[in-house]
Amino acid sequence: MQLLRVQIGLLVGQVEELALALPAGEQGRCLALASVGEARRKLRAGLPAGIGPERPAEQLERMRLALTYHLGELEAVGRMTVQGGQRDSEPCGS
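Residue 33 in numbering that gives the first Met the number 0 sits at position 34 of the sequence shown, with consecutive numbering throughout.
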């Protein structure tokens with residue numbers, strides 16, 4: 000499980016960097032940032048025990064899959080839309 004936590008930590012940074020590089024109105028940006036925030040909260044708080052030892056590992060794996068999905072989507076969008084490397088740090092919904 001520790002390996003999953005490390006992978007998620009690395010993915011959080013990559014997804015956040017790519018999401019913040021996109022314009023504030025870009026589709027998928029806010030979803031990716033929400034996923035990053037949720038992953039950070041869950042990693043900090045620790046996962047609930049669940050029903051048996053596999054439950055926390057399943058939850059971590061779902062987080063990893065969601066972040067991997069967002070990473071792929073952001074990379075694809077970034078190749079099409081980001082020009083000049085400008086970073087927009089405004090939060091979603093402002």
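Backbone N, C-alpha and C define an ideal beta-carbon position, used for all residues, glycine too.
This structure is a prediction, so every number in the text was calculated from the model and none was measured.
Straight-line gap, residue i to residue j (C-alpha atoms, nearest Å)
i   : j   : result
M79 : L21 : 11 Å
G36 : L2  : 20 Å
V14 : Q26 : 14 Å
L30 : G77 : 15 Å
E72 : R40 : 22 Å
G45 : L59 : 10 Å
G12 : L42 : 13 Å
E16 : M0  : 25 Å
S34 : G24 : 17 Å
Proximal residues to residue i (C-beta, below 8 Å), its chain only, five neighbours per side dropped
i   : result
L10 : A38, R63, L66, T67, L70
A56 : M0, L3
Q82 : Its pLDDT being 49, under 50, Q82 is placed unreliably by the model, and nothing is read from it.
Q85 : Summary for Q85: the model assigns pLDDT 47, below 50, so the residue's position carries little reliability; its value from the coordinates is reported in the next sentence. For Q85, where only same-chain residues beyond five positions count, the Cβ hits under 8 Å are A20.
Beta-carbon proximity of residue i to residue j, cut-off 8 Å
i  : j   : result
R4 : A18 : no
Sequence-distant residues of the same chain with beta carbon closer than 7 Å to residue i, five excluded per side
i   : result
I7  : A38, L42, L59, M62, R63, L66
A75 : none
Proximal residues to residue i (C-beta, below 6 Å), its chain only, five neighbours per side dropped
i   : result
R54 : none
At which residue ranges does the stretch 10 to 48 contain complete alpha helix (DSSP H) runs of 4 or more residues, listed in the order of the chain? 28 to 44
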